[in-house]
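Have a look at the structure below, then the notes.
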Amino acid sequence: MAHSNSPKSIYKILFALPVVVGILAVVKLMHPAVAIVIAVLAVILAVLDLILLKTDTSKHDYLHAGAGLYSWLSTLDHKRIGILYFVTVMIFFLVGGIFAMLIRTELFSVGATIMTAEQYSRAMTYHGAVMVFMVIIPGIPAFLGNFFLPLQIGAKDVAFPRLNLLSWYCLLAGSAVAFSSLLYGGADTGWTFYTPYSVQLRPAVVLMISGAFIIGFSSILTGLNFVATTHKLRAPGMTMNRIPLFVWALYSTALLQVLATPVLAITLALLAMENIFQIGFFDPALGGDPVLFQHFFWFYSHPAVYIMILPAFGVVSELIAAFSRKTIFGYTAIAYSSVAIAAVSFFVWGHHMFVSGQSEIAGVVFSALTMLVGVPTAIKLFNWLATLYKSSINLASPMLFAMGFMFLFTIGGVTGIFLATTALDVHFHDTYFVVAHFHYVMVGGTLMAIVGGIYYWFPKMFNKMIHEGLGQISFFFIFVGFNVTFFPQFVLGAMGMPRRYFDYLPEYQHLNRVSSLGSYMIGFGFVVALIAVIEALRSNRLAGPNPWGAKTLEWTIQSPPIHDNFEKTPIVTAGPYEYR
Amino acid sequence: MSTVKIDSQGLAHAAHYDNHEHEYQTGKQGVWLFLATEVLMFGGLFVGYAIFHHLFPEIFAVGSKFTNWKYGTANTVVLLTSSLTMALGIHFIQVGKQKAAFWNLIVTILCGAIFMGIKYIEYSHKIHLGLMPGSWFTGNPDILAQEIGMSADAIPANLPLYFSFYYMMTGLHGFHVLIGMGAIAWVTWRLKRGDFSTQHYTAVEGVGLFWHLIDLIWIYLFPLLYLV
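Each protein sequence line maps, in turn, to chains A and B.
Residue numbers are given in the numbering used here: position 416 of the first sequence equals residue 416, and the series is strictly consecutive.
Residue numbers are given in the numbering used here: position 123 of the second sequence equals residue 1123, and the series is strictly consecutive.
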């Protein structure tokens, strides 16, 4: 469609499609699940097409290196694949967010309000599974990482461009399989698929498991690609002690993706076999052990928590350095603490099972190892604080998100230490305290970093500036709304309100209402962020090569970058943060 | 990034690499990383095996009596031979004897097929006896006891669990053998097409590494399931 100067587009048709299938679903001519899938796909394509519509063929950059939707769907350019992930993850975030809103709306009052208990279990499952497998895990590495890892180390592309594209299709295929479970009434096991409930043969659960299994391949391929890229494709002079901290974080994450995800693959494969053939590994009726499933599952899924948060640390390191206008304090400490977190993360999975009948010795060991994670994490925080000390802080909207991250992540991290304390965990286990803790880490941490990273790197991706006012409004609503939503949940958890339940005792209603109202504030904040992105795409505020005056390699080239990234392979002679 | 460049030695490589050697080394690292994921995936099964072996040693003692060490040994020899021919195939490409390389790769595929054939015979025999995994197990204790020359009450009630492990481990392994055969067929076809030379054989070496890993996994499966 970019062949002429007045490109034709199909985005209006694509945007109309969700309305059409919506009507068909309402008048019961179409299964609602099919309608949802078609609507989601149409919106993905429409947004892609909208971006393409804005292109101008007289320019020479990666956005114009090929014309039309097909050139995107078959692209091997890491930057374009990054954008494909950007759009996909945004759509999935919208889906997961809608489920979150439904959950909070149901919990607004005591008793059933907008859904039944069964529907609630499903909403909770899809909220968890979508946010974990389709949003947060691919969120930073596959989107921002894909785009900026090669740029930051002076490479022309990732090591294996075809695998890179394949990983995106794995995410799409896995998500399609996972969502197809809605056709069978939907899975209701929670995203953790605990046995024995998850092994009573139900097609929805099997499809959900298979979807997560396929998405796992996407994650493995990305990780494998990034490890090889970091090792082999650095520009001359870009030694391991000169790579930006974002790359260190992505590298540690990639190691986890390569080493942990295969264990999830075999676990989910066994679970699927358990469902289909009743092989009995996890079924006590056949001599199996349901707690073994928990061990297997958390052996992946605890490292997966660091797959989700380590890249966020990387983004924040970049933001702090760029907006403090000062050389980062303790580069080596921040870099190696990422690797240290990755290493320790393999030995802490048992803290999910303090009350699952594991031995006391195991409990003590896992408790101590879990607290150990606090050390490299605190090293990072203190180094960021030391960087801020006596620096020239520019409180632009990306930096606001970095500061918000530090505040929220500290609360999330410290409450993690509470939960690692076995005596306290007996009280807090399976209460809202846990829910608040991991939302402070995952939303207050990772999602804040994603939005900050998008605002920071958007000028490089599209040569357009995000509207600063919209950026600040979105920060205000996300940050304040977040605390309003999740801080009361710490209190509710300490009061004993159990998690995952559809209903609660009347005395919890007051704080639940506060929490639900907060969730609408977060939702509004993210809508403003989305508007900020669309508004910036359509604006004429050109960014130029380096609007923030940052020092890493990606800011030395034109915005948006050319297809080959660098006109000439850069020769690196200094570290990444040579400010002052 | 799909454009191809020619380096100073006259070898083609993808444009984002410095030269052919750079591409070769990176590709090889990618394959090793992939093998690491395979090891960890099978690792999950081996850990499960270790745990249940510790919990119920008797089912593994009785269950392994239903496996035939002669078939197992034959398959071990077949796979070891195939690893040899795979390595020879790469060697002959390196020294420019493409025809010898071609036949070695063909023998490797045939060995894979023989392996799967023997597995088919073993599986059929077990299914005939009703030795199925988990709740699909239909074996009659009297007939089973007769088969291994023991009394019927020596057959543990949770014996099916052994066969769950047997089928999961050999099944996943057999699946990998099939994938490996397909991959070798692919490089054999590319060899015939003239894609490889004494200096360019990255894909063959990658597939070879994968095939050796499959062989290695069998070297562990054989004693654990047949001889323990």
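Positions of the beta carbon are idealized from the N, C-alpha and C atoms, including for glycine.
On a predicted model such as this, the values are computed, not experimentally measured, just so you know.
Quiz item: Can you list the residues of chain A that B:L1224 reaches, using a CB-CB cut of under 9 Å?
Solution: Going along chain A, no residue has its Cβ under 9 Å from B:L1224, so there is no contact; the nearest lies around 16 Å.
Quiz item: Would you say B:L1035 faces chain A, with C-beta separation under 8 Å as the test?
Solution: no
Quiz prompt | Residue burial classification, A:S6 (beta-carbon count within 10 angstroms, cutoff 16) | solution = With a pLDDT of 40 at A:S6, under the threshold of 50, the modelled position of that residue is not reliable, and no figure is offered here.
Quiz item: How would you list, in chain order, the residues of chain A whose beta-carbon sits under 8 Å from the beta-carbon of B:M1041?
Solution: P262, V263, A265, I266
Self-check item: Same chain, Cβ closer than 8 Å to B:M1001, neighbours up to 5 away in sequence not counted
Solution: The pLDDT assigned to B:M1001 is 45, lower than 50, so where the model puts this residue is not dependable; a value taken from the coordinates is nonetheless given after this. Around B:M1001: A1014, A1015, H1016.
Self-check item: Contact with chain A by B:W1189, beta-carbon distance below 8 Å
Solution: no
Quiz item: Does the beta carbon of A:G280 come closer than 8 Å to any beta carbon on chain B?
Solution: yes
Quiz item: Cβ of A:S317 within 8 Å of Cβ of A:F409?
Solution: Taking 8 Å as the Cβ cut-off, A:S317 and A:F409 do not qualify as a contacting pair.
Quiz prompt | the stretch 219–239 of chain A touching the stretch 149–160 of chain A, judged by at least three CB pairs closer than 8 Å | solution = yes
Quiz item: Closer than 8 Å, CB to CB, is B:W1136 near chain A or not?
Solution: yes
Quiz item: What does B:A1015 touch in chain A if you count any residue whose Cβ is under 9 Å from its own?
Solution: Those are K156, D157, D564, listed as they occur along chain A.
Quiz item: When the distance is taken between beta carbons, is A:S167 closer than 8 Å to A:L221?
Solution: A contact, by the Cβ cut-off of 8 Å.
Self-check item: Cross-chain neighbours of B:P1057 in chain A, by beta carbon under 9 Å
Solution: Those do not exist, as B:P1057 stays about 13 Å from chain A at its closest Cβ, beyond 9 Å.
Quiz item: Which bits of chain B does A:K59 rub up against, with CB to CB less than 7 Å?
Solution: What A:K59 touches in chain B: nothing, since even the nearest Cβ is about 19 Å away.
Quiz item: Quick one: does A:V258 have its CB under 8 Å from some CB of chain B?
Solution: yes
Quiz prompt | Same chain only: Cβ atoms within 8 Å of A:N146, ignoring 5 sequence neighbours per side | solution = H78, K79, I81, G82, Y85, V158, N164, T222
Quiz item: Mind checking if B:N1019 is an interface residue toward chain C, Cβ cutoff 8 Å exclusive?
Solution: In the structure shown, chain C cannot be found, because the protein chains are A and B.
Exercise. Would you kindly check if the distance between the Cβ of A:F502 and the Cβ of A:A129 is under 8 Å?
Key: No, they are not a contact pair.
Self-check item: Same chain only: Cβ atoms within 6 Å of A:M448, ignoring 5 sequence neighbours per side
Solution: F401, G404, F405
Exercise. Using 10 angstroms around the beta-carbon of A:A322, count the other beta-carbons present and answer buried if the total reaches 16, otherwise exposed.
Key: It is buried - the Cβ of A:A322 has at least 16 other Cβ atoms within 10 Å.
Quiz item: So which residues of chain B does A:K79 contact, with C-beta pairs closer than 9 Å?
Solution: Correct list: empty, because the minimum Cβ distance to chain B is about 10 Å.
Quiz item: Beta-carbon separation of A:M208 and A:A178 under 8 Å?
Solution: yes
Quiz item: Closest Cβ-Cβ distance between A:I220 and chain B: below 8 Å?
Solution: It does: the Cβ of A:I220 has a partner Cβ on chain B nearer than 8 Å.
Quiz item: Can we say the stretch 1151–1161 of chain B touches the stretch 279–292 of chain A, given the rule of at least three CB pairs closer than 8 Å?
Solution: yes
Quiz item: Can you name, in chain order, every residue of its own chain whose Cβ lies under 6 Å from the Cβ of B:K1119, other than the five neighbours on each side?
Solution: G1174
Practice problem: Could you spell out where the alpha helix (DSSP H) holding A:A65 opens and where it closes? | Solution: Segment: none, A:A65 is in no alpha helix (DSSP H) and carries neither H nor E.
Quiz item: Which residue spans inside the stretch 501–568 of chain A form an unbroken alpha helix (DSSP H) run of at least 4?
Solution: Counting only runs of 4 or more, we get 509–538.
Quiz item: By a C-beta neighbour count over all protein chains shown, 10 Å radius and 16 as the cutoff for buried, is A:N241 buried or exposed?
Solution: Under this definition A:N241 is an exposed residue.
Practice problem: For A:Y582, count neighbouring Cβ atoms within 10 angstroms of its own Cβ and tell me buried if that reaches 16, exposed if not. | Solution: Since the first and last residues shown for chain A are 1 and 580, residue 582 of chain A lies out of range.
Quiz item: Distance, Cα to Cα, B:W1103 vs B:G1089?
Solution: Whole-angstrom Cα-Cα distance: 8 Å.
Quiz prompt | Cβ neighbours of B:Y1049 in the same chain (closer than 8 Å, five flanking residues each side left out) | solution = F1165, M1169, L1224
Quiz item: Where do the N-terminal and C-terminal ends of the beta strand (DSSP E) with B:V1004 fall, by residue?
Solution: 1004–1006
Quiz item: So, is the C-beta of B:S1237 closer than 8 Å to a C-beta in chain A?
Solution: Nothing can be reported for residue 1237 of chain B, as the shown portion of chain B is limited to 1001 through 1228.
Self-check item: Classification of A:H60 by the beta-carbon crowding that lies within 10 angstroms, buried from 16 upward
Solution: exposed
Practice problem: Could you spell out the range, first to last residue, of the beta strand (DSSP E) harbouring A:H351? | Solution: No beta strand (DSSP E) holds A:H351; DSSP gives it neither H nor E.
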